[in-house]
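One structure below.
Chains as they are written, first to last, in our numbering: chain H, 180 to 304; chain X, 180 to 304; chain B, 180 to 304; chain E, 180 to 304.
Given below as structure tokens:
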């Protein structure tokens with residue numbers, strides 16, 4: 180029994196790999212962001228529309244542990260769940276390699292909402 | 180005597196290299212875009228400010244020839260000049276490796292201005 | 180009846196959009212590259228494996244025409260076919276927006292093979 | 180008196196900004212990586228050469244706090260220092276906006292060395 184409420188299947192694209200032949204670290208943040216935005220969409224919320232409405236969901240903090248690098252051709256799942264604490268949405272996001280289910284990275288991402296430049300308690304989720 | 184009116188010196192960042200150990204092709208478009216925006220700034224025009232003013236300079240066509248790949252640690256110059264033809268600004272941009280002056284890529288980029296979603300003859304440069 | 184022999188369905192990720200709110204031009208090169216590598220894989224060829232075998236498929240020239248920008252949330256298809264001319268593989272790649280089939284960009288990409296640093300007529304496809 | 184032993188001056192490139200008009204979070208990881216690699220170079224170590232020598236410096240953990248977003252045109256400094264603890268190099272990296280010295284992000288990055296696929300105590304710095 181796990182806490183994840185959202186799963187997104189993705190595949191490494193070669194341009195995401197760097198000269199070490201593994202996915203460059205920054206791209207994991209891209210994967211996680213895309214998974215959060217898909218999670219939002221699954222609940223009827225568009226990141227782009229929120230922005231046009233004057234509500235910007237921004238990342239306040241990131242903690243990531245890298246366990247096993249993804250490589251060219253790897254398929255993987257981004258599994259996410261979140262909790263609401265005060266002004267923060269805390270996203271727990273883990274990435275698993277599809278071929279063997281091995282944990283690739285573990286991440287905790289704090290997101291806050293900024294409305295007209297001010298930190299806000301707006302309830303988006 | 181050359182036609183270039185703008186030169187920007189840059190250096191390859193390792194994350195721009197892919198698993199072949201050379202700069203990924205898409206990053207040359209980033210280099211060229213950054214050089215065009217610096218050229219605009221040198222003339223008092225900000226790409227971001229233009230956007231806020233409702234004027235979007237957008238690329239309509241790209242032609243690039245790749246001559247010599249840049250690698251980790253390479254310094255290079257992006258040299259640019261442009262001409263105005265009807266609704267188009269045609270940017271001629273070449274990238275040279277700093278160590279030996281060798282041509283890395285040659286590019287021609289057509290840029291048009293879109294104002295409120297419509298192609299426009301607005302004169303920005 | 181069209182010439183395309185490969186179709187890849189993709190979806191815009193928000194981080195691929197820039198401050199104009201549309202997909203940044205360089206990302207279309209990423210989309211096209213990923214589609215070419217998937218086309219290779221469908222024929223049993225891995226770009227990463229080719230590199231490890233000492234064969235580097237590199238882009239020699241790019242011509243792209245931008246017709247209609249993709250935006251946050253857009254799904255799209257990259258449709259490709261290629262021909263072999265001397266040392267070159269010429270890829271014809273078009274991107275269509277899924278919602279209405281509208282052409283987003285049209286591209287022609289020349290790829291050559293480099294073996295041990297030398298242009299080669301190696302027949303990979 | 181601060182502990183920083185390395186400073187790198189950089190400038191936001193427009194393609195690094197996303198549809199919110201601010202630098203996309205993943206790009207801060209790029210900035211930090213580039214600063215670490217320049218710090219290595221200043222000590223005569225090349226990340227690419229290390230890789231060719233069979234030594235891969237890889238990120239094991241990242242902790243970042245985002246304080247103030249960078250925007251189009253912003254210049255900034257990445258200030259870094261590191262300590263060596265067992266098999267880990269712990270990099271402390273802060274980014275400051277140049278215009279007013281305001282802290283943009285604070286980061287701690289754990290790096291380990293992998294030699295022939297095994298975690299190693301090799302002493303690179």
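Even for Gly, the Cβ is constructed at its ideal location relative to N, Cα and C.
From a predicted model like this one, the values you see are computed outputs, not experimental measurements.
Counting C-beta pairs with one atom in each stretch, the stretch 244 to 252 of chain B and the stretch 185 to 200 of chain B have three or more that are closer than 8 Å, which means they touch. Chain-order list of chain E residues neighbouring residue 230/H: 198, 199, by C-beta distance under 8 Å. In this structure, 261/H is the residue among 261/H, 202/H, 220/H with its C-alpha nearest to the C-alpha of residue 290/H. Taken in chain order, the members of the stretch 215 to 228 of chain X whose beta-carbon sits within less than 8 Å of a beta-carbon on chain E are 216, 220, 225, 226, 227. Secondary structure remark: continuous beta strand (DSSP E) runs of at least 3 residues inside the stretch 226 to 277 of chain E, in chain order: 234 to 245, 254 to 264, 267 to 276. When the alpha-carbon of residue 206/B is set against those of 189/B, 218/B, 219/B, 220/B, the nearest one is in 189/B. One alpha carbon belongs to residue 275/B, the other to residue 204/X, and they sit about 22 Å apart.
CA-to-CA, the gap between residue 278/X and residue 255/X works out to about 8 Å.
Per DSSP, residue 191/H has no beta bridge partner at all.
Residue state for residue 215/E is assigned as helix, using DSSP reduced to three classes. For residue 251/H, the C-beta contacts it makes with chain B under 8 Å involve 225, 226, 227, in order along the chain.
Note that the stretch 239 to 246 of chain E touches the stretch 234 to 242 of chain H; at least 3 beta-carbon pairs, one per stretch, sit closer than 8 Å. Residue 294/X has a beta carbon lying at 9 Å or more from every beta carbon in chain B.
Contact between residue 219/X and residue 268/X does not hold, since their C-beta atoms are separated by about 10 Å, which reaches or exceeds 8 Å. Proximity to residue 301/B across 282/B, 234/B, 216/B peaks at 234/B, based on C-alpha coordinates. Counting along the chain, the unbroken beta strand (DSSP E) around residue 288/X starts and ends at 282 to 294. Residue 303/E is not bridged by DSSP to any residue.
Under the Cβ criterion of 9 Å, residue 193/X is counted among the residues facing chain E. Within chain B, no residue has its CB atom less than 8 Å from the CB of residue 263/H, the nearest being about 22 Å off.
Look at residue 220/X here: in three-state DSSP terms it is helix. Looking at the DSSP output, residue 185/E sits in a beta bridge with 259/E.
Nearest in C-alpha terms to residue 228/X, of all of 232/E, 200/E, 212/E, 227/E, is 200/E.
At least one C-beta of chain X is nearer than 9 Å to the C-beta of residue 205/H. For residue 296/E, the closest of 209/E, 273/E, 221/E, 232/E by C-alpha to C-alpha distance is 232/E.
Nearest Cα to residue 285/E within the set 293/E, 294/E, 273/E, 292/E: 273/E. Listed along the chain, the chain X residues whose CB falls inside 8 Å of the CB of residue 270/B amount to none; the nearest CB is some 13 Å away. Rounded to whole angstroms, the gap between the alpha carbons of residue 202/B and residue 191/B is 8 Å.
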